[in-house]
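Trainee:
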Amino acid sequence: MSDVTLTQAPVARPVPALRLWRRVRPVLLSLIVPLLLLLGWHWAVAAGMTRLIPSPAEVAEYMVDFAVGGIWDDAFSATLHIHLLASASRVYGGFVLAALVAIPLGLLIGRNAFVRQLLDPFLQLMRPIPVTAWLPLSMILFGLGARSAFFLVFLGAFYPILLNTIFGVKNVEPRLFEAASMLGCRGNAQFFKVVLPAALPSIFTGLRLGLGLAWFVIVVGEMTGVPQGLGAVIMDGRTLSRTELVICGMIVIGIAGFISDRVVVLLMNRLLRWSPSHHG
Amino acid sequence: MAEIPILDIQGVGKTYVLNDSRIEALRDANLTVKKGEFVCLIGASGCGKSTLLRIVAGFEAPSAGQALMWGKPIAGPAPDRGMVFQDYGLFPWLSVRENIGFGPASRGRPKAEVRDTVERFISLIGLTRFADAYPHQLSGGMKQRVAIARVLANDAEVVLMDEPFGALDAMTRERLQDELLELWQRTGLTVLFVTHSIEEAIFLSDRVVVMEPGPGRIASAHQVELPRPRDVASPEFNEVRRELGLRLHSHHAKKAA
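Protein sequence lines, in the order shown, are assigned to chains P and Y.
Just so you know, we're using the numbering used here here: the first sequence kicks off at 153 and counts up by one.
Just so you know, we're using the numbering used here here: the second sequence kicks off at 297 and counts up by one.
#1: Y/W389 CB to nearest chain P CB: under 8 angstroms?
#2: Note down the Cα distance separating Y/P509 from Y/D428, rounded to an integer number of angstroms.
#3: Look at the alpha carbon of Y/G385 and the alpha carbon of P/R327, and state the distance between them as a whole number of angstroms.
#4: Under 8 angstroms between beta-carbons, which chain Y residues line up against P/G336? List them in chain order, please.
#5: Please name the residue in Y/T328, Y/V329, Y/W366 and Y/V380 whose C-alpha comes closest to that of Y/R350.
#6: If we require 4 or more residues per run, which alpha helix (DSSP H) segments fall completely within the segment 451–490 of chain Y?
#7: Among Y/D451, Y/R526 and Y/A374, whose alpha-carbon lies nearest the alpha-carbon of Y/L477?
#8: With a Cβ-Cβ cutoff of 8 angstroms, do P/V320 and P/A351 count as a contact?
#9: On the DSSP bridge assignment, give the partners of Y/F334 in chain order.
#10: Compare the C-beta of P/K322 with all C-beta atoms of chain Y and state if any pair is closer than 8 angstroms.
#11: For the candidate residues P/Y244, P/G383, P/R279 and P/R174, whose alpha-carbon lies nearest to that of P/V398?
#12: Okay, do the segment 302–311 of chain Y and the segment 417–428 of chain P touch, 3+ Cβ pairs below 8 angstroms being the bar?
#13: Which two residues bound the contiguous alpha helix (DSSP H) that contains Y/Q519?
#14: Whole angstroms is fine: what's the gap from P/L188's alpha carbon to P/L204's?
#15: Please classify P/V378: does DSSP put it in a helix, a strand, or coil?
#16: Looking at the structure shown, is Y/Y312 part of a helix, part of a strand, or coil, going by DSSP?
#17: Mind reading off the beta-carbon distance from Y/L500 to Y/Q481? Whole number of angstroms is fine, and I expect it under 8 angstroms.
#18: Would you tell me roughly how many angstroms separate the C-alpha atoms of P/V372 and P/T284, rounded to the nearest one?
#19: Determine, using beta carbons only, whether P/G358 and P/G297 come nearer to each other than 8 angstroms.
#20: Beta-carbon of P/P256 versus every beta-carbon of chain Y: anything under 8 angstroms?
#21: Quick check on the DSSP output: the beta strand (DSSP E) that includes Y/I319 runs from which residue to which?
#22: Write down the C-beta distance between P/S207 and P/V216 rounded to the nearest angstrom, noting that I regard them as a contact closer than 8 angstroms.
#23: Given a cut-off of 8 angstroms on the beta-carbon distance, is the pair P/G336 and Y/S402 in contact?
#24: Counting only Cβ-Cβ distances shorter than 7 angstroms, please list the residues of the segment 332–355 of chain Y near chain P, keeping chain order.
#25: Helix, strand or coil: which one does DSSP assign to P/Y214?
#26: Cα separation between Y/P431 and Y/A449?
#27: Got a sec? Which residues, its chain only, sit under 7 angstroms from Y/V528 by beta carbon, not counting five neighbours each side?
#28: Once the 5 residues before and after P/E210 are set aside, which same chain residues still bring their CB inside 8 angstroms of it?
#29: Going by the C-beta, is Y/I300 closer than 7 angstroms to any heavy atom of the ligand NAP?
#30: Taking 8 angstroms as the cut-off, does the segment 302–309 of chain P touch the segment 275–293 of chain P (at least 3 CB pairs, one atom from each stretch)?
Quick look at the structure:
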C-alpha cells in the first residue's frame, strides 16, 4: 500500500561500534555538568574559599559511613536505611492518600457542575497558601511528629494531582463524545470508556508533579521534631554544624526523588503507549 | 402506497442563538433519501450542509421541521446512523482492532461475535497488518478506513460523511473514493456525503444536492445519470461537471448581485 507509514519504520542497522557509541553518548553528556560541579567544589574547598563546607571526598567518606558504618561510628553511622525508609513511607503514604482523594475529586469537579460550583472557589482560595505556611497549624493539629509530616506531604501532592485531573477531564475532545454516542455508548458508560482514558495523560502528569512535590515537602515536614527521616537528618546536621551530614541528606533525597520519578515515568510510558507524546 | 424513504427531512431549520444574536444556519430544508442511495451535499461554507448532516446524525435537534428515519423522528445519535468525521474521531487509546470493536462491544454483543466482526472488517479495509497499531501510528488514509469500518461494523444503515477525504492527499483520496464505492455497491448502504468538491460529488453520487449560504438552504438537486464506474476524464463527466459548476456559480452570482 502506498500510504502505509508506521512511525516505527525500520531503520538501517548501524555498525556495532557506532551503536554502542549512540547508547553511551547520552550518558556521557549527562555526566559532564555534575562532574564539573564536583570539580569546582573540590577546587574551591582546596583553595580555602570556605571552611564550613567539607570537600567532596570527605562527604563521600561520610556517605559510606552513613550508609554502612565502620568509619566514624557515631550516632548517624549505618542509619541511612532507617531514615530513608521513614521518609519514603511518609512520602508515599501522603502521596497515595493525596492521589486517592484528588483523583476522584478531580473527576467529579471536572464532570459535575454542582460539585464544581460547590468546591472549586474554596479550593482555588486555599491553593496559593504555601505548604510551608501550614507548618505551625499542622503542628497544632497533628502534634510534633510523623503525622504532621504526613499531612504536609499530602497537602503538597494534593493540588497538582487535583488540578491536572480536572484539566484532563474538562479537555476531552468533544468529538470523542459524539463518536461514542453514535456508536451506542452513552451516559454513564462514556465516563469509563471516554472520559477516564482521555484524561489519563493529564492525571499522570499530576501524579508525577505531586510525587516530586512530596519529596520536596518532606524536609519541611520532618523539621517538626521527628526523630527519624532525611529531613530530620538535615535539621540535626544543621544544629550540630555537621555540614557533611546535611549534604549527605540532600544527596539521598535527590537520588530517591529521581528514582521514584523514573518509576512513575516507566509506568506512564507503559500505560500510555497509545499517546504520541508518551510512547518510548 | 408510496415506499417509506429511509431518510425524510421535512422543512428542517436550525437557528443558533449566540450572545443575543440569532444565526440561521439552515432554513426549510426538504430532502428524501431512498435506501441504498448515494447522495452528496455540496455548497460553499456556511450553506448549512454540515448542520443538516449533524441533524440527521442526531447531534443536534432541528429548531423547525423534523427529520425522520424510516418514518420515525430522529431523537439523538444512534448506531443505525454512523458518522465519519473529517478529523477521524478515533479513540487514540484504542488499537485499530479495539476502535472497530468499540460499537459492538458497547452494545453488549457477545465477545466471540465482536471478534469475528472486527476481523472481517479489518481484512475488508486491508489493515490486517496494523490491527494492533494505535491511531497515531497510522496515515490519514488508514485512519479514515478505520473510521469507516468502525461505523459499518456497528451495523449502520446510513453512513453520514462530513468531508471525510478533505484532509487527505489527492492520491489517497482517489483510492478511498474507489474503496468507498466498492463497499457501497457491495453492502447496499445509504450514504449522505458532504463535500465541497464538484468532481468528488459527481464521481460518487446518484444525486447531488446543491446548497447555498445566507441563510443555509437547499437550492437544487441533480440526478447524476452517468454509468458506473465513472471516468473523471471522459467528455460526459466533464459535461456534467460544467453544468453543475455553472449552477453553483450562478447561485453565488445571484447572491453577490
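The beta carbon of each residue, even a glycine, is placed where N, CA and C say it ideally should be.
Mentor: Walking through what the data contain:
#1: In the second sequence, counting from the first residue as 1, residue 389 of chain Y sits at position 93. Cβ-Cβ to chain P under 8 angstroms: yes for Y/W389.
#2: To locate residue 509 of chain Y, count along the second sequence from 1; it is residue 213. To locate residue 428 of chain Y, count along the second sequence from 1; it is residue 132. The alpha-carbon of Y/P509 is positioned some 43 angstroms away from that of Y/D428.
#3: Your numbering for residue 385 of chain Y matches position 89 in the second sequence. Your numbering for residue 327 of chain P matches position 175 in the first sequence. Cα atoms of Y/G385 and P/R327: separation of roughly 6 angstroms, rounded to the nearest angstrom.
#4: Numbered from 1 along the first sequence, position 184 holds the residue referred to as residue 336 of chain P. Under the 8 angstroms cutoff, chain Y gives A374, P375, G399, S402, R403 and N450.
#5: Here residue 350 of chain Y refers to the residue found at position 54 when the second sequence is read from its first residue. The closest CA to that of Y/R350, considering only Y/T328, Y/V329, Y/W366 and Y/V380, is found on Y/V380.
#6: Whole alpha helix (DSSP H) segments, 4+ residues: 466–483.
#7: Counting from one through the second sequence, the residue named residue 477 of chain Y turns up at place 181. Checking every option, the nearest Cα to that of Y/L477 belongs to Y/R526.
#8: Mapped onto the first sequence, residue 320 of chain P falls at position 168. Mapped onto the first sequence, residue 351 of chain P falls at position 199. The amino acid at residue 320 of chain P is misidentified as Val; the sequence shows Gly. Contact flag set, yes.
#9: Here residue 334 of chain Y refers to the residue found at position 38 of the second sequence. Residue pairing by DSSP places Y/F334 opposite Y/V487 in a beta bridge.
#10: Indexing the first sequence from 1 puts residue 322 of chain P at position 170. Residue-level contact check: P/K322 does not touch chain Y, since none of the beta carbons of chain Y fall below 8 angstroms from its beta carbon.
#11: Your numbering for residue 398 of chain P matches position 246 in the first sequence. The residue from P/Y244, P/G383, P/R279 and P/R174 with its alpha-carbon nearest to that of P/V398 is P/G383.
#12: No, they do not touch.
#13: The residue you call residue 519 of chain Y lines up with position 223 of the second sequence. Run containing Y/Q519: none in the alpha helix (DSSP H); it sits in the beta strand (DSSP E), R513 to Q519.
#14: Your numbering for residue 188 of chain P matches position 36 in the first sequence. Your numbering for residue 204 of chain P matches position 52 in the first sequence. Rounded to whole angstroms, P/L188 to P/L204 spans 21 angstroms at the Cα level.
#15: Along the first sequence, read from residue 1 onward, the residue named residue 378 of chain P stands at position 226. In the structure shown, the three-state DSSP call for P/V378 is coil.
#16: Position 16 of the second sequence, counted from the first residue, corresponds to residue 312 of chain Y. Correct three-state label for Y/Y312: strand.
#17: In the second sequence, the residue the question calls residue 500 of chain Y occupies position 204. In the second sequence, the residue the question calls residue 481 of chain Y occupies position 185. Going by Cβ atoms, the distance from Y/L500 to Y/Q481 rounds to 11 angstroms, so no, they are not a contact pair.
#18: The residue you call residue 372 of chain P lines up with position 220 of the first sequence. The residue you call residue 284 of chain P lines up with position 132 of the first sequence. If you take the alpha carbons of P/V372 and P/T284, they lie about 7 angstroms apart.
#19: Within the first sequence, the letter at position 206 stands for residue 358 of chain P. Within the first sequence, the letter at position 145 stands for residue 297 of chain P. If you check the CB distance, P/G358 and P/G297 do not come in under 8 angstroms.
#20: Position 104 of the first sequence, counting from 1, holds the residue named residue 256 of chain P. So, not an interface residue.
#21: Here residue 319 of chain Y is taken as the residue at index 23 of the second sequence, counted from 1. Looking at the DSSP string, the run of the beta strand (DSSP E) that includes Y/I319 is S317 to V329.
#22: Taking the first residue of the first sequence as position 1, residue 207 of chain P is located at position 55. Taking the first residue of the first sequence as position 1, residue 216 of chain P is located at position 64. The pair is not a contact, with the Cβ atoms about 15 angstroms apart (cut-off 8 angstroms).
#23: Translated into positions along the first sequence, residue 336 of chain P becomes position 184. Translated into positions along the second sequence, residue 402 of chain Y becomes position 106. When the beta-carbon positions are compared, P/G336 and Y/S402 come within less than 8 angstroms of each other.
#24: Under the 7 angstroms Cβ criterion, the segment 332–355 of chain Y contributes A353 and F355.
#25: Locating residue 214 of chain P in the first sequence gives position 62, counting from the first residue. Helix, per DSSP.
#26: Stepping through the second sequence from its first residue, residue 431 of chain Y is reached at position 135. Stepping through the second sequence from its first residue, residue 449 of chain Y is reached at position 153. Approximately 18 angstroms, taken between the alpha carbons.
#27: Stepping through the second sequence from its first residue, residue 528 of chain Y is reached at position 232. Here the set comprises E495 and F499.
#28: In the first sequence, counting from the first residue as 1, residue 210 of chain P sits at position 58. In its chain, beyond the 5 residues on either side, E396 have a beta carbon closer than 8 angstroms to the beta carbon of P/E210.
#29: This structure lacks the ligand NAP, and indeed carries no ligand of any kind.
#30: The answer is yes - the segment 302–309 of chain P touches the segment 275–293 of chain P, with three or more Cβ pairs under 8 angstroms.
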